[in-house]
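Below is one structure, written out as structure tokens, with a few remarks after it.
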Amino acid sequence: MLLSMTRCLSDTMRIRLMRKCPARSPSVPSFSYDSPHTKVHLLLQAHFTRTAMPMTDYITDLKSVHDQAIRILQAMLDVAADSGWLKTSLNIMHLVKMIIQGCWMKDDPLLQLPHVEPHQLPLFYQLESLSGCVSFPEILLAYSNRFDLLRKNLESDFNERDLLQIHKAMSDMPLLRVTHTITGSELLDKSYCPKEAPGGAIWVPVHADKEYSIEVKTYPA
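Take a look at the structure:
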């Protein structure tokens with residue numbers, strides 16, 4: 688009787704958690720609520736959306752899932768990369784990033800910062816020096832060595848301790864300049880001329896039946 692009541696309570700908790708998760712499936716049969724796969728799926732979604740756990744046991748389970756998922760995904764990435772599965776490799780890397788940063792890929796990168804909630808994001812964009820579409824690196828550069836500016840824009844929602852932690856997190860994030868080159872048999876032909884697209888971008892046509900090499904270099908910004 689006690690076991691039945693415990694299972695009923697656990698199923699109820701998972702149903703409530705599922706209703707808060709964005710990627711829920713109405714076709715999930717009720718008997719699968721006690722499946723570990725369903726629970727892991729819900730715990731990871733709750734982690735990405737920063738949803739409060741319904742009970743203490745779920746917090747412990749999430750920590751275990753978080754630690755083990757990274758190792759499993761790294762092994763999956765090795766297999767996918769060795770097999771030449773580009774899309775699978777990228778999806779795995781995206782998932783690893785989501786687990787480490789605790790947010791969805793579509794979320795604003797500023798949510799990686801400590802204490803920051805979605806409704807507080809507009810405070811970071813109160814910058815006269817920036818206009819139009821602003822990227823995350825531009826935000827970091829704007830507040831670089833400008834704690835006074837950060838305090839001015841955020842002090843309405845954050846205390847001094849939170850502001851110091853936010854500024855430290857922003858200062859610790861690397862700013863890199865990335866360059867890349869692509870090489871291949873037909874690209875090495877002296878008669879080949881890349882096509883310039885509007886805005887100064889260079890279009891390099893490639894073909895599925897040819898092999899190419901991409902070299903990526905990073906430098907401090």
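In this note's numbering, the protein residues as written are 688 to 908.
Even glycine gets a Cβ: it sits at the ideal position worked out from N, Cα and C.
Predicted, not measured: the structure shown is a model, and the values here were computed from it.
Where the beta strand (DSSP E) containing Tyr906 begins and where it ends: Taking the sequence shown and counting its residues from 1, one reaches residue 906 at position 219. Here the beta strand (DSSP E) through Tyr906 covers 899-907.
Chain-order list of residues whose beta-carbon lies under 8 angstroms from that of Leu863 (same chain, five-residue window excluded): Mapped onto the sequence shown, residue 863 falls at position 176. Closer than 8 angstroms at the Cβ level, and outside the excluded window around Leu863, lie Thr905, Tyr906, Pro907, Ala908.
Separation of Phe823 from Leu760, as counted between CA atoms: Indexing the sequence shown from 1 puts residue 760 at position 73. Indexing the sequence shown from 1 puts residue 823 at position 136. Rounded to the nearest angstrom, the two C-alpha atoms are 26 angstroms apart.
Distance CB(Ser900)-CB(Thr870) smaller than 8 angstroms: One-based indexing of the sequence shown puts residue 900 at position 213. One-based indexing of the sequence shown puts residue 870 at position 183. Yes; because the gap between Cβ atoms is below 8 angstroms, this pair is in contact.
Buried versus exposed call for Asn846 [16 or more other C-beta atoms within 10 Å across all chains shown]: Reading the sequence shown from its first residue, position 159 is the one you call residue 846. Exposed, since its Cβ has fewer than 16 Cβ neighbours within 10 Å.
Asn840, buried or exposed, once every other Cβ within 10 Å from all chains shown has been counted against 16: Position 153 of the sequence shown, counted from the start, is the residue given in the question as residue 840. Counting Cβ neighbours within 10 Å, Asn840 comes out buried, since at least 16 surround it.
Ranges of the alpha helix (DSSP H) found wholly within the segment 748-804, counting only runs of at least 4: 773-788
Pairwise C-alpha distance: Leu850 and Arg838: Residue 838 sits at position 151 when you count from the first residue of the sequence shown. Residue 850 sits at position 163 when you count from the first residue of the sequence shown. When rounded, the distance between both Cα atoms is 7 angstroms.
Ala856 vs Pro801 beta-carbon contact at 8 angstroms: By one-based count along the sequence shown, residue 856 stands at place 169. By one-based count along the sequence shown, residue 801 stands at place 114. Yes, the Cβ-Cβ distance between Ala856 and Pro801 is below 8 angstroms.
Validate contact between the segment 784-799 and the segment 751-758 using beta carbons, cut 8 angstroms, 3 pairs: yes
Collapsed DSSP secondary structure at Thr738 in the structure displayed: Reading the sequence shown from its first residue, position 51 is the one you call residue 738. It is coil, neither helix nor strand.
Rounded separation between Val645 and Thr743 - CA only: Limits of the chain in this structure are 688 at one end and 908 at the other, which puts residue 645 out of reach.
Within 8 angstroms, strictly: CB atoms of Thr775 and Ala767: Working through the sequence shown from its first residue, we reach residue 775 at position 88. Working through the sequence shown from its first residue, we reach residue 767 at position 80. Cβ distance < 8 angstroms, so Thr775 and Ala767 count as in contact.
Span of the beta strand (DSSP E), counted from its first residue to its last, around Leu863: Residue 863 sits at position 176 when you count from the first residue of the sequence shown. Its beta strand (DSSP E) spans residues 863-871.
For Thr736, the nearest candidate out of His753, Pro709, Ile779 (CA to CA): Position 49 of the sequence shown, counting from 1, holds the residue named residue 736. Residue Pro709 is the option with its Cα nearest to Thr736.
Buried versus exposed call for Lys750 [16 or more other C-beta atoms within 10 Å across all chains shown]: Position 63 of the sequence shown, counting from 1, holds the residue named residue 750. Result: exposed.
Simplified DSSP state of His894, which is helix, strand or coil: In the sequence shown, counting from the first residue as 1, residue 894 sits at position 207. Residue state, collapsed to three classes: coil.
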